[in-house]
Each structure stands twice: as C-alpha cells, then as structure tokens.
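Protein chains in written order, with my numbering: chain S, 18 to 180; chain D, 84 to 298. For glycine and all other residues, C-beta sits at the position ideal for the given N, C-alpha and C. It should be emphasised that the depicted structure is a prediction, and the values quoted were computed from it without experimental measurement. Okay, structure first, notes after.
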C-alpha cells in the first residue's frame, strides 16, 4: 500500500496538517496513487478521524523514533527542520519540504533551500501543496550521498602527525 | 610623566603583550603535531540531540591513536550520555577503550537572551578551566553546542600561560549553509582547524576548511 508520511518535528504546523487532510489534498494524494496517510502532528492538534474520507489515515503526536515510519513511507512530506530532512534523505526516501511562510528568516530554511537548489528535495508552501502534489516528478530528485567522516579523519591525521 | 600616565602606559603595554601572546598561541597551531609523540588526548564537547549524534560519527572515523577520549556533556543531558556509552562500548571489542564522561552546567539554553548567555558562560568557565587544566587534552573537538565556548577558552588559556598548546578543532553544523552559528562566529578566530560543510561558507570564511560533507 503506497504510504505518505507527514512529519512536523517537535513544533506544530497545523496549516500543513489541514492542507494535506483537506479534500483537495487527499484527492491529490489519491490521484498520485497513495492510499495511506500517516501524520506526525507534534504539538499541533490531531485531526478528526473522519476528516479525510478519501484515504486511510493514522495520526499521532510524538514517538521515540520516526525511523520506522520513514522506512515504510513511499513519500515523506516534512517541515523544513534539518533533523527531519536529513533523516529522510539518509533513508533514501523522496522528500517534499513544506515551508511555513509564517516563520520566515528561520535559519532552518537555509538547509532546506540549499537541498532544493541541489535537487535533493521538492519544495513548496501550504498554499501550493495540492498543485505541487499533482505536478511533482519524483524522478528529478538526486540522491543525497552520506557525508564522509573519513575525509575529516585523514585530514586530521595529517595535520596532527598521527600515523 | 605623572603617576597616572605611568599606570595607563603600563596597562596598555600589558594588553599589547597579551594580544601578541594570544596571536602567537593561535598561530602556533598549524605547526603543533602532537600525533608524532604518541596518542592524542581528545576532549570532545557533546551537545544535545543532533550535535551528539554528529560528533560521534566523527569520532567513529578516528583511529585508536586518539586516546584517551574525554566527553563533556551538560549536566542535564541523559540522552547524550547513553549515546556515548553505546558508542564507546561498541568500540571496546578491538582495543582497550579509554574514555571518561564529565559534566558541566549548561552554558546556554536555546532561546536564552544574549546578556544572560554571557553570565551563564562565565559561570560555566568556573567549571571549564579546572576541568581542562586537569585533563590537559591535546585537542578539543566540538561542533556547536554552547558549552564548547568556555571549554575552548579554557584550552586557549592553557596555551597563553605556556602550560600546553591545546588544538581547537571546530566542525560547523551541516545546517549552516550561508552563515555561521553564534558559536561558530565566536570560535572562528581562536580555532586551529575550522571545518565547514558547504562551499558557500568556505568562500566567506577563508580560514575555514572545506572537505565536502563530513557528517
């Protein structure tokens, strides 16, 4: 069953939850072949169970780890938080970052913008979410290669004279 | 020359000499190679959450020559302690693992104001100086939590007093693409090796080292 996982991290982002569970949002997901929607809403409010009749929906506020939810998802929709973005990309899942335009100038946006510029993630706001879901092409996304701590170790060994 | 002028002249001379001394200590970093003399003692400043995970990934890449390893955590941080123990115990199999965990008061909570940050950083210095003087590490490795400022200052002090050169190695978070974090801005002038993970930052900060993404 094709699954979408939505995560807002430790804060709340009710506008995103409302957009994705709206009938336009859910219909867009369904049109793209997604049948199950899992929502992590953080400090925000849980949507009513019947708010979204078009798609199978589950929601929770927090979990010790969302690693498993990411692993099971075919698409992750996330707020711009660095932790959520990096964890999703590290798991090799397609990621759509939704910017909270009420939180402009947040330095967290720096990373999300750069990841978008380098074609690692798709990027939109709540008002363009439905349109983005309808039009998106996940095949344009470039894999995000893991960082290479070995390069750091080699540099330091040389600089400090470690053999 | 009056007495007052004499005093002012004396103080200015002391300040001037101190600045020269600090400059010399910082400049000596690139020539200091503790690894040629044997194992390198490392003081690792673990932060909370993502900082700890990232710094452990860096530690994982380092050879066993970097020993002993002293981890410093904020006294309220249980999660980091757990992560460090799990990491060190997984290393135990191949070599005699030498590590300690030290706790100091948190120097700066997220969203704390500037002025109260200064006060709590000064407070943290009272704990950092004795700790660094006791451990006498060859290098301090840190990646951004506020706790690293007082510890790096204590390391610098050890050098200024001529007791030991302590290398300050700073790795800026991957989240920083165009601008340094507050900790990064403070430590940029005094660090010996300052790593950034985006080329945009390297272009802005010529002293920084860019090797691509390293965590």
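Does residue 237(D) get closer than 9 Å to chain C when you measure Cβ to Cβ? Considering every chain present, this structure includes no chain C. Its protein chains are S and D.
Distance between residue 207(D) and residue 236(D) (C-alpha atoms, nearest Å): C-alpha separation (whole angstroms): 11 Å.
8 Å contact criterion, which residue 181(S) and residue 50(S) should meet: CB distance rounded: The displayed coordinates of chain S run from 18 to 180. Any statement about residue 181(S) would go beyond what the structure contains.
Given a threshold of 16 other Cβ atoms within 10 Å of its Cβ, counted over all protein chains shown, does residue 117(S) qualify as buried or as exposed? So residue 117(S) counts as buried.
According to the neighbour-count rule (16 or more other Cβ atoms, all chains shown, within 10 Å of its Cβ), is residue 183(D) buried or exposed? By the Cβ neighbour-count rule, residue 183(D) is exposed, with fewer than 16 other Cβ atoms within 10 Å of its own.
Cβ pair residue 90(S), residue 179(S) closer than 9 Å: For the 9 Å CB-CB criterion, residue 90(S) and residue 179(S) do not form a contact.
Using 9 Å as the limit for Cβ to Cβ distance, is residue 137(S) near chain D? With 9 Å as the cut-off, residue 137(S) does not count as an interface residue toward chain D.
Rounded C-beta distance between residue 63(S) and residue 23(S)? I'm assuming under 8 Å. Going by Cβ atoms, the distance from residue 63(S) to residue 23(S) rounds to 12 Å, so no, they are not a contact pair.
Could you tell me if residue 168(D) is buried or exposed, where buried requires 16 or more neighbouring beta carbons within 10 angstroms of its beta carbon? Looking at its Cβ environment, which holds fewer than 16 other Cβ atoms inside 10 Å, residue 168(D) is exposed.
Euclidean distance between Cα positions of residue 120(S) and residue 215(D): Near 40 Å, if we compare the C-alpha coordinates of residue 215(D) and residue 120(S).
Could you compute how far the alpha carbon of residue 45(S) sits from the alpha carbon of residue 151(S)? Looking at the two C-alpha atoms, the distance is approximately 6 Å.
9 Å Cβ cutoff met for residue 288(D) and residue 253(D): No, Cβ-Cβ distance for residue 288(D) and residue 253(D) is not below 9 Å.
Please list, in chain order, all residues of the same chain as residue 138(S) whose beta carbon is under 8 Å from its beta carbon, the five residues on each side excluded. Taking residue 138(S) as the centre and dropping the five residues before and after it, the same chain places the C-beta of 102, 106, 112, 113, 114, 129, 132, 158 closer than 8 Å to its C-beta, in chain order.
C-beta contact flag for residue 156(D) and residue 136(D) at 9 Å: By the CB criterion at 9 Å, residue 156(D) and residue 136(D) fall outside the cutoff.
Check the Cβ of residue 281(D) against every Cβ in chain S and list those closer than 8 Å, keeping chain order. Within chain S, the residues near residue 281(D) are 131.
Partner residues on chain D for residue 167(S), Cβ-Cβ distance less than 7 Å: Those within 7 Å of residue 167(S) in chain D are 144.
Do residue 261(D) and residue 127(S) come within 9 Å of each other at the CB atom, strictly closer than that value? It is a contact, given that the beta carbons lie within the stated cut-off.
By the DSSP assignment, the alpha helix (DSSP H) with residue 96(D) in it spans what residues? Element bounds for residue 96(D): 86 to 110.
At the 9 Å Cβ level, is residue 135(D) part of the contact set with chain S, yes or no? Taking 9 Å as the CB threshold, residue 135(D) stays off the interface with chain S.
Taking C-beta to C-beta, are residue 163(S) and residue 285(D) nearer than 9 Å? Contact check for residue 163(S) against residue 285(D) fails: the beta carbons are separated by 9 Å or more.
DSSP beta-bridge partners of residue 35(S): DSSP output for residue 35(S) lists no bridge partner at all.
Kindly give me the distance between the Cβ atoms of residue 93(S) and residue 78(S), rounded to whole angstroms, as I take these residues to be in contact under 8 Å. With a Cβ gap of about 18 Å, residue 93(S) and residue 78(S) do not count as contacting.
Residues of chain S with a CB under 9 Å from the CB of residue 119(D): which are they? Against chain S, the beta carbon of residue 119(D) has neighbours under 9 Å at 177, 178, 179, 180, listed in chain order.
Given a cut-off of 9 Å on the beta-carbon distance, is the pair residue 48(S) and residue 69(S) in contact? The Cβ atoms of residue 48(S) and residue 69(S) lie no closer than 9 Å to each other.
Can you tell me which of the three DSSP states residue 55(D) falls into? In the structure as shown, chain D starts at 84 and stops at 298, and residue 55(D) therefore has no counterpart that could be examined.
Which listed residue (238(D), 218(D), 221(D), 231(D)) has its alpha carbon closest to that of residue 203(D): Selected option, being the one with the closest Cα: 231(D).
Rank 257(D), 128(D), 291(D) by C-alpha distance to the C-alpha of residue 165(S) and give the top, closest one. Closest option to residue 165(S), Cα to Cα, is 257(D).
Proximal chain D residues relative to residue 127(S), where beta-carbon distance stays under 8 Å: Here the neighbours are 258, 259, 260, 261, 262.
Could you check where the beta strand (DSSP E) with residue 153(D) kicks off and where it finishes? Taken as a continuous stretch (DSSP letters only), the beta strand (DSSP E) holding residue 153(D) covers 152 to 157.
Helix, strand or coil for residue 266(S)? Go by DSSP, reduced to three states. Lying outside 18 to 180, the shown extent of chain S, residue 266(S) is not represented and no answer is given.
Can you tell me which of 95(S), 81(S), 87(S) puts its alpha carbon nearest to the alpha carbon of residue 162(D)? The shortest C-alpha separation from residue 162(D) is found at 81(S).
Tell me, please, whether the CB atom of residue 170(S) is closer than 9 Å to any CB atom in chain D? Yes, because at least one Cβ of chain D sits closer than 9 Å to the Cβ of residue 170(S).
Is the Cβ of residue 89(D) closer than 9 Å to any Cβ of chain S? Not an interface residue.
Please identify the residue among 18(S), 35(S), 29(S) whose C-alpha is closest to the C-alpha of residue 146(S). Considering only alpha carbons, the answer is 35(S).
Sequence-distant residues of the same chain with beta carbon closer than 8 Å to residue 220(D), five excluded per side: So the qualifying residues of the chain are 124, 125, 126, 153, 238, 249.
When you check each C-beta in the region 77 to 105 of chain S against every C-beta of chain D, which residues fall closer than 8 Å? Within the region 77 to 105 of chain S, the qualifying residues are 99, 100, 103.
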